[in-house]
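Undergrad: My questions will all concern the structure given below.
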Amino acid sequence: MDAISPLLIAKALDGLHARYQATAENIANANTPGYRPIQVTFEARLQAAARQGDEAIAGVSPRTERASVSSITGGMRLDLEVATASQTATRYAALLDILGREMAISRAVVRGGN
624 MDAISPLLIA
634 KALDGLHARY
644 QATAENIANA
654 NTPGYRPIQV
664 TFEARLQAAA
674 RQGDEAIAGV
684 SPRTERASVS
694 SITGGMRLDL
704 EVATASQTAT
714 RYAALLDILG
724 REMAISRAVV
734 RGGN
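Using this note's numbering, the first residue of the sequence shown is number 624, and each one after it goes up by one.
This is the structure:
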C-alpha cells in the first residue's frame with residue numbers, strides 16, 4: 624500500500640462518520656418544528672487534496688453546516704435521510720473492507736507469503 628492510501632481512507636472514514644452522526648441527528652429531529660437539517664461535505668476537498676499530497680490530505684476535515692431555510696421549504700424528507708444513512712454505512716463498510724485487505728496483503732508480505 625502506498626503511503627497516501629491509508630491517510631485517504633482514514634480521512635474518508637472521518638468524513639463518513641461525521642455524516643452518519645449528522646444524519647442520525649436529522650432523523651431524530653424529523654418531527655421537530657423549524658428544525659434545519661445538518662449537511663456534511665468533504666469528498667470534493669478530499670479529492671482535490673489527494674492530488675496535492677499527504678500534507679493537504681491531513682488538512683482536510685468534514686464541513687458541517689445547517690441547511691438554509693430556503694432549501695427546506697417542503698420540510699425535511701425522512702426518506703432521503705434514511706437513504707443517506709444507508710449509503711453512508713455502505714461506503715464506510717467498503718472502505719473498512721479495502722483497508723482490511725490492504726493490511727492482509729502487508730501481513731502476508733511481512734510473513735514471507737505465509
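Just so you know, even glycine gets a beta-carbon here, dropped at the ideal spot from N, CA and C.
Taking the alpha-carbon positions, what's the A645 to R686 distance?
TA: 11 Å
Undergrad: Give, in chain order, every unbroken run of the alpha helix (DSSP H) that is at least 4 residues long and sits entirely within the segment 651-678.
TA: 666-673
Undergrad: Use the C-beta contact count for R642: other C-beta atoms within 10 angstroms, 16 or more gives buried, fewer gives exposed.
TA: buried
Undergrad: Provide the residue span of the beta strand (DSSP E) that contains R686, from first to last.
TA: R686 to R689
Undergrad: Is I661 closer than 8 Å to A678 when the C-beta atoms are compared?
TA: The sequence given here has Glu at residue 678, not Ala. No. Outside cutoff.
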